[in-house]
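In the working numbering, the protein residues as written are 1285 to 1909.
Okay, structure first, notes after.
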């Protein structure tokens, strides 16, 4: 066995894979990984393909060499976004997730051994990385077939890639990712299955597909959640940004929510029309458009994009949650960039990066510049809703690397249009202020929302699960509920907001509510919300709405703050939507109301089930106005 392999200090069975393999590649630079992703230094088009038993040769993806990076396209539409039901747990430790032996009626061990044997017959890419970042992260290793260079390069960008020559003598992996793409065809009917096997000393992740979302990204998220469950802390599903106003006020906002809930958008500059105006919303019934103008917007200094590490070693006496990025790169969704000039800052980075990037579901022409608004067409002729770019944090301007104290935690929900003729849960105003107890309930239910672009299906109203990170967790949902409640109780100086995106009643608004809310809240700084300016929302689940909102001398119409005032919605449409939302919460919260739940949590849920008013929730956990 090579001396390099021995340095990884892996269990004997993993070392045996390396010892018996056809060949080993230990990439030591990012440049080597990009070359592997492209199939070599001189290729323009590279097919990632495998001989699949009983099927023959299957091309999973193509990789095109463009001037600005490697452009990956999957041949199967299904592989272009994450399957929300792909996670399976194979071990016997406590879990509320689907279990391998229950689903398939047999033990995982034979498949595990078959996976090892398959890897032994491959040339392999192997490298160490840090799950959770360099400062507070945990040692981990990737073992992958050498032709899956784009997957390896993506993981290296997302996580803390380490040159194997530079690892310390005490390197002790807590996780290993085994990549074996053909098995999705031979064992799982083409599905994106990712199996977690939590052993006493190491967390194994078996990725039986090539889409990095469920494994290289969310798989590692699952590892961190499992470690946190054992050590009593959480990795939040959130973007975080320090906002600096034109008057040099500073505030830190952490934005949570299900996939598609606006996390990446929260750290983007506000999108403007070509004439500089801001389109607040377009009425889907009348066609009316509402604009505002902001002469000067806030400066943004991003902290996290999707995973916010809340490690106990970072917490302090501020009574605010302290977070740091759990990733070294961001998996950015680009569906909202539909033309040149939509997001100039990112477009500049993507078009002329200082080093090649990895793109997915983008049209690529060999040796030309791929343009991030030219999305790959699905088989139905429509643009793929999940175009992506993996962006190393070091390439993001003004990014903050050190931990920050969170002033405001917002929660984003994709909302459908709502009218009295077609009532839905799209009844949220532009900005709601939540008592902490209600904020906790929203994090338990975490509605997946309307027309979610990140996952394979999002029909109807469904829940992303506790923390909005439940699809990636492997343990017990009540344990996660308790951890989130403890976190909220301990962060008494943090405020909570609820912000919709896509629609407010009959108005199509995209992500404008969170951009406007960000500008408004930042300009307020530490100023209190005066209680006389807060009105209990007609639906108590939504806390307080604002009686008025003024930004840069311009008032936002009440129709955007209180959707029941829209002629197209009215009290009738609003109340019907409120019933849909309330019934959904009742359904989802029932499973948390157990003896294992923190007594305070049970009080909050029982209060909701009894039809509590907004102010009732403040009696359980005080609210900072």
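Every residue gets a Cβ at the ideal spot worked out from N, C-alpha and C, and that includes glycine.
message: Could you check whether the region 1368-1388 touches the region 1459-1479, counting it as contact only if at least three pairs of C-beta atoms, one from each stretch, sit closer than 8 Å?
response: Counting Cβ pairs under 8 Å, three or more are found: they touch.
message: Closest to residue 1839 by C-alpha separation, out of 1574, 1869, 1355, would be which residue?
response: Nearest C-alpha to residue 1839: 1574.
- request: With DSSP collapsed to three states, give me the class of residue 1787.
  value: Residue state, collapsed to three classes: strand.
task: Output yes or no for whether 7 Å exceeds the beta carbon distance between residue 1606 and residue 1720.
output: No, these two residues do not count as a Cβ contact at 7 Å.
query: By Cβ distance, which residues of its chain are closer than 7 Å to residue 1780, with the 5 residues on each side in sequence left out?
result: Hits under 7 Å: 1693, 1718, 1720, 1723.
Rounded C-alpha distance that separates residue 1460 from residue 1289: Approximately 14 Å between the Cα atoms of the pair.
task: For the alpha helix (DSSP H) holding residue 1502, just list the boundary residues, first then last.
output: Membership of residue 1502 in the alpha helix (DSSP H) is indicated by the continuous run 1502-1515.
field: Collapsed DSSP secondary structure at residue 1669 in the structure displayed
entry: Reduced to three states, the DSSP call for residue 1669 is coil.
Cβ-based burial, residue 1742 [other Cβ within 10 Å; buried from 16]: Because the pLDDT of residue 1742 is 47, which lies under 50, any placement of that residue in the model is unreliable, and the question is left without a value.
field: Beta-carbon contacts of residue 1813 that lie in its chain and below 7 Å, excluding the five residues immediately before and after
entry: Taken in chain order, the residues that qualify are 1717, 1909.
field: Secondary structure of residue 1429, DSSP reduced to three states
entry: In the three-state reduction of the DSSP assignment, residue 1429 falls in the strand class, which pools E and B.
- prompt: Just curious, the beta strand (DSSP E) that residue 1891 is in, first and last residue?
  reply: No beta strand (DSSP E) holds residue 1891; the alpha helix (DSSP H) holding it covers 1883-1893.
- request: Have a look at 1320, 1362, 1795, 1767 and flag the residue whose alpha-carbon is nearest the alpha-carbon of residue 1954.
  value: Within the shown structure, residues of the chain are numbered from 1285 to 1909, placing residue 1954 beyond reach of any answer.
message: Suppose you measure from the CA of residue 1673 to the CA of residue 1620; what does that come to, to the nearest Å?
response: One C-alpha to the other measures close to 13 Å.
task: Flag this pair as yes or no: are the beta carbons of residue 1633 and residue 1434 separated by less than 7 Å?
output: Note that the C-beta distance between residue 1633 and residue 1434 is not below 7 Å.
message: Between which two residues does the beta strand (DSSP E) holding residue 1523 run?
response: First-last of the beta strand (DSSP E) with residue 1523: 1519-1528.
message: I'd like the span of the alpha helix (DSSP H) that includes residue 1828, first residue to last.
response: In the DSSP annotation of this structure, residue 1828 is not part of any alpha helix (DSSP H); the continuous beta strand (DSSP E) holding it starts and ends at 1828-1830.
query: Taking the alpha-carbon positions, what's the residue 1615 to residue 1508 distance?
result: Straight-line Cα distance between these residues: approximately 17 Å.
message: If we define contact as Cβ-Cβ less than 7 Å, is residue 1327 a contact residue for chain B?
response: Absent from the structure: chain B. Only one protein chain is present.
field: Endpoints, the beta strand (DSSP E) within which residue 1459 is located
entry: Residue 1459 -> beta strand (DSSP E) spans 1459-1463.
Exposure of residue 1446, with buried meaning 16 or more beta-carbon neighbours within 10 Å: Classification of residue 1446: buried, given that the 10 Å Cβ count is 16 or more.
field: Nearest-angstrom Cβ-Cβ length linking residue 1465 and residue 1494, presumed shorter than 8 Å
entry: Confirmed, Cβ separation roughly 5 Å.
query: If you draw a straight line from the C-alpha of residue 1685 to the C-alpha of residue 1603, how long is it?
result: Roughly 21 Å separates the two Cα atoms.
message: I want to know whether the region 1835-1850 touches the region 1703-1717 - three or more CB-CB distances under 8 Å.
response: Touching, yes.
Contact belief for residue 1727 with residue 1785 at Cβ below 8 Å, rounded distance in angstroms: Not a contact, Cβ separation roughly 17 Å.
message: Tell me which residue opens and which closes the beta strand (DSSP E) that residue 1591 is part of.
response: Residues 1591-1593.
- prompt: Which partner residues does residue 1644 have in the DSSP bridge list?
  reply: Answer is 1356, 1672.
query: Between the Cα of residue 1800 and the Cα atoms of 1580, 1898, 1900, which residue gives the shortest distance?
result: Out of 1580, 1898, 1900, 1580 has the C-alpha closest to the C-alpha of residue 1800.
- prompt: Between the Cα of residue 1792 and the Cα atoms of 1844, 1667, 1652, which residue gives the shortest distance?
  reply: Of the candidates 1844, 1667, 1652, the residue whose Cα lies closest to the Cα of residue 1792 is 1844.
C-alpha gap between residue 1679 and residue 1314, whole angstroms: Whole-angstrom Cα-Cα distance: 14 Å.
query: Where does residue 1742 fall in DSSP's three states?
result: Here the model assigns residue 1742 a pLDDT of 47, short of 50, so the residue's position is not dependable, and the following value carries that caveat. Of the three classes helix, strand and coil, the one that applies to residue 1742 here is coil, per DSSP.
task: Return the residue from the list 1804, 1889, 1847, 1826 that minimises the CA-CA distance to residue 1527.
output: Taking residue 1527 as reference, the option from 1804, 1889, 1847, 1826 with the minimal CA-CA separation is 1804.
field: Proximity below 7 Å, CB of residue 1551 to CB of residue 1586
entry: The answer is yes: Cβ separation under 7 Å.
- prompt: Could you check where the alpha helix (DSSP H) with residue 1796 kicks off and where it finishes?
  reply: Where residue 1796 is concerned, the enclosing alpha helix (DSSP H) stretches over 1796-1808.
field: Spatial neighbours of residue 1817 in its chain, beta-carbon cut-off 8 Å, leaving aside the 5 residues before and after
entry: Non-local beta-carbon contacts of residue 1817 in its own chain, meaning distances under 8 Å to residues more than five positions away in sequence, involve 1830, 1831, 1832 in chain order.
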